[in-house]
Structure formats: structure tokens, C-alpha cells
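Remarks on the structure that follows.
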Amino acid sequence: MNFRPLPPTFARKDTIEVALALIGKLLILQAQDFSVRVSRIVETEAYLGEEDPACHTFGGRKTPRTQAMYGTPGTAYVYFIYGMYYCLNVVTGKGEAVLIRALEPLEGFTEEQRRNKVLSGPGKLCRELGITKELNQKNLFDPGAAVFIAAERDGLEEHSHDVIHGERVGISSAGDAAHWPLRFGLKDSAFLSSPRF
DNA sequence: ACCGCGATGCCCT
DNA sequence: GGGCATCGCGGTA
564 MNFRPLPPTF
574 ARKDTIEVAL
584 ALIGKLLILQ
594 AQDFSVRVSR
604 IVETEAYLGE
614 EDPACHTFGG
624 RKTPRTQAMY
634 GTPGTAYVYF
644 IYGMYYCLNV
654 VTGKGEAVLI
664 RALEPLEGFT
674 EEQRRNKVLS
684 GPGKLCRELG
694 ITKELNQKNL
704 FDPGAAVFIA
714 AERDGLEEHS
724 HDVIHGERVG
734 ISSAGDAAHW
744 PLRFGLKDSA
754 FLSSPRF
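According to the working numbering, the residues represented by the first sequence are 564 to 760, in order.
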């Protein structure tokens, strides 16, 4: 598929802007056997660092796990949750990050996988794509890497598209922060995660 | 359609 | 030892 690399500084912006800008971008995986899988980012969530009760770095926590979140903007933060799932984030710097919540399979997937929406959820997409701690702290904007983010050429990204927003998912114990509208989705996409916006 | 719950292991106190 | 940025199942309606 035809894609356009993004500047390495892509994620060096306000976290909410990055969460919005990532909608419509491509996540590309190149395997050792030269097979390629391409998907479109259709849903993200912003995590606003030390001031955000729902964020892993809330209160300035510097632990082994949160190390990646203080890395260079554009690095991957992959964490393990509920004993069986990984979740993938794009670090934006200073302890903030954007969670990738859902993808639309575009290339390198079967019709059945598309029908079954195997990438519609933060845990599901990592399971299906084989994303694990191995990817933690890797640069996500290097077109030579096994996993990277790029823009779609002559595709959705070249046209205007509407983004909807809603409350974040699964953080009910974070007080008011649970209601902050930091979840973003591609309007009318059939590949958004549960629960509905 | 919605709701409740169990699985399962790491992280942090 | 408690909690968790999830998911899919089984029950009730």
C-alpha cells in the first residue's frame, strides 16, 4: 500500500492534538517474511500525565513501568493488563500518551478477520497483531521498523473526516477524570470498540 | 440489549 | 495483597 512517512516530531505536540491527529493514520507491521499488515487508526484516548488521575504517571509516579512514558515523543508505551492483555500507546512526552483503542483492517487480513472486527479494542488489537512488551520504548515513526505509523496517501487522510469524542473507557475509579471527553473516534466507522460513544 | 462476572499475572504499596 | 486504560460469556428481558 502507498503510504507517506510522518516527521519524527509528529508526536511532539499537545497530547489531545496528537490523539486527534492519529485518527485516520496507518499502523503498519512488516514481518520478517516480508508480509505486511496495514490498518487504519479509528479510535484513540488521551492520557494527560501527572495531573490526570486516570494516567499511570498520575502524581509524578516514576516507576519501572512508567519509564517509557517519560521517553521521547513518538516512542511506544506497551503495558500488560488484567493478566492477559497488552495495550499500545504513543508517548507524547512528559508522562503523557495516547492509547490506540481500535483499528480498521485494510491490508493483509482476511475477510473473516474484517467481519469479526479483530482489531476493535485495545487488548484485541495487540493480541491479533502480536504486539507485546517487545515493542515497548521502540520508535513508532521509523519507516524501517517492524511496527510504525504513517499517513495514507490518496486515501482517507487526504480528505476531511469527522472525529467524534466521548468519555474514556474503563476508568470509573478516577473520579471526575472519568468524564473528561478524551476518547476520540472516526465518525461512522464500523470498527470502533465497545462500549459505543 | 444490557448486566455481572471470572480469568489471570504484573505492578506497586 | 489489592487493583487493574479488557474481553467474552452466560443470564435475564
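In this text, a Cβ means the ideal position worked out from N, Cα and C, and glycines have one as well. Treat the numbers as computed from the prediction; the structure is a model and nothing was measured.
To which residues of the same chain is residue i closer than 8 Å at the C-beta, ignoring the five residues directly before and after it?
{"i": "I586", "result": "I604, V605, E606, T607, H724, V726, F747, G748 and L749"}
{"i": "S735", "result": "A741"}
{"i": "G684", "result": "R664, A665, S756 and S757"}
{"i": "K588", "result": "L569, R603, I604, I712, A713, A714, E715 and E720"}
{"i": "I644", "result": "C650 and G686"}
Looking at the unbroken alpha helix (DSSP H) that takes in residue i, where does it start and where does it end?
{"i": "L692", "result": "P685 to L692"}
Which residue comes first and which comes last in the beta strand (DSSP E) that contains residue i?
{"i": "A639", "result": "A639 to I644"}
{"i": "A578", "result": "According to the sequence as given, residue 578 is Thr; it is not Ala. Counting along the chain, T578 falls outside any beta strand (DSSP E), though it belongs to the alpha helix (DSSP H) covering T578 to A584."}
{"i": "Y610", "result": "V599 to Y610"}
{"i": "T655", "result": "Y648 to G656"}
{"i": "I591", "result": "L589 to Q593"}
Any idea which residues DSSP pairs residue i with across the strands?
{"i": "N565", "result": "Answer is none; N565 lacks a bridge partner."}
{"i": "H728", "result": "F747"}
Within a Cβ cutoff of 6 Å, which residues of the same chain sit near residue i, ignoring the five residues on either side of it in sequence?
{"i": "G623", "result": "E613"}
{"i": "P616", "result": "A737, G738 and A740"}
{"i": "Y648", "result": "G686"}
{"i": "G656", "result": "P636"}
{"i": "G658", "result": "G612, E613, T620, M632 and Y633"}
{"i": "I579", "result": "A609"}
{"i": "K696", "result": "V641"}
Take residue i and list the residues in its own chain whose beta-carbon comes closer than 7 Å to its own, dropping the five residues that flank it on each side.
{"i": "A660", "result": "Y610, M632, Y640, N652, V653 and V654"}
{"i": "N565", "result": "R716 and D717"}
{"i": "Q676", "result": "P668"}
{"i": "G671", "result": "S598, V599, R600 and V601"}
{"i": "L583", "result": "V726 and F747"}
{"i": "E691", "result": "V681 and L682"}
{"i": "I591", "result": "F566, V599, V601, F711 and A713"}
| 3 or more residues per run - each beta strand (DSSP E) lying fully within the segment 658-717 | 659-670 and 710-715
| query | Should the segment 692-706 be called in touch with the segment 566-582, which here means at least 3 C-beta pairs below 8 Å? | reply | yes
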